[in-house]
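Visitor:
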Amino acid sequence: GKTAALKGESDRLDEAWALVLHKEPDFRVIYVSPEFAEKLLILNTHNRPLRRWNVDVWKAKLETGEYRTTHQGVAIDSKGVLQDGQYRLAAITETGIGANVLFAVGMDPGNFDVIDAGRPRNYADTLALSGEGDVFALGSTIRLVYLFLTRDSYPSWSKTKISNHLVMEEFAKE
Numbered sequence: 065g066k067t068a069a070l071k072g073e074s075d076r077l078d079e080a081w082a083l084v085l086h087k088e089p090d091f092r093v094i095y096v097s098p099e100f101a102e103k104l105l106i107l108n109t110h111n112r113p114l115r116r117w118n119v120d121v122w123k124a125k126l127e128t129g130e131y132r133t134t135h136q137g138v139a140i141d142s143k144g145v146l147q148d149g150q151y152r153l154a155a156i157t158e159t160g161i162g163a164n165v166l167f168a169v170g171m172d173p174g175n176f177d178v179i180d181a182g183r184p185r186n187y188a189d190t191l192a193l194s195g196e197g198d199v200f201a202l203g204s205t206i207r208l209v210y211l212f213l214t215r216d217s218y219p220s221w222s223k224t225k226i227s228n229h230l231v232m233e234e235f236a237k238e
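Taking the numbering used here, the leading residue of the sequence shown gets 65, the next gets one more, and so forth.
(1) When burial is assigned at 16 or more other CB atoms within 10 Å of the CB, is R152 buried or exposed?
(2) Does the Cβ-Cβ distance between D172 and D148 come in under 9 Å?
(3) Between M107 and L146, which are expected to be in contact by the criterion C-beta below 8 Å, what is the C-beta distance as a whole number of angstroms?
(4) Which same chain residues end up closer than 6 Å to V324 when comparing Cβ atoms and leaving out the 5 residues on each side of it in sequence?
(5) How far does the alpha helix (DSSP H) with Q136 in it reach, from first residue to last?
(6) For the alpha helix (DSSP H) holding I94, just list the boundary residues, first then last.
(7) Can you tell me whether DSSP reads L166 as helix, strand or coil?
(8) Does the beta-carbon distance from E130 to S227 come in below 9 Å?
(9) Residues in its own chain within less than 8 Å of G160 by CB, not counting five upstream and five downstream?
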């Protein structure tokens, strides 16, 4: 009823805020529906090529409920070009599952070459933070055991990437 109507109006206002050109940086968490994700992907005119496996990683996070709203999300520069978030948006579009996403708008167009330029965390990093030793062997073993136990779900083990979060969940099961 009334609450759903207010929520819908709020979502439309957030979409309008995100799509208008901003001269200065501003930030907000916005619910991104699959339809809104499609609109945002139209702004993806200056980005690295979309890597299918990375979209699949984000799709799995959405489908399993593993997705979390973090400080990383979508960035749109002051010229209205999508700078960051193409994988999240493609996954939302393809799965039909919406999500809350942190938006940064009005970003400097020159930022593109410094975004995601570092090495991503892997499960060895995550295991090391929990105080484990020989984290590369431990992480690889957990991954292989998990893939073996769920082998009917994965057609190709060598190409299947599992998340750091899932490795830690499996490790916690002992």
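Here a beta-carbon is modelled for each residue, glycine too, at the ideal position from N, C-alpha and C.
Nothing here was measured: the structure is a model prediction, and the numbers come from that model.
Guide: Working from what's here:
(1) buried
(2) no
(3) Correcting the residue identity first, residue 107 is Leu in this sequence and not Met. Sure, about 4 Å apart at Cβ, within 8 Å.
(4) Residue 324 is absent from the model: the chain starts at 65 and stops at 238.
(5) Where Q136 is concerned, there is no enclosing alpha helix (DSSP H), given that its DSSP letter is neither H nor E.
(6) No alpha helix (DSSP H) contains I94, which is instead part of the beta strand (DSSP E) from 90 to 96.
(7) strand
(8) yes
(9) P98
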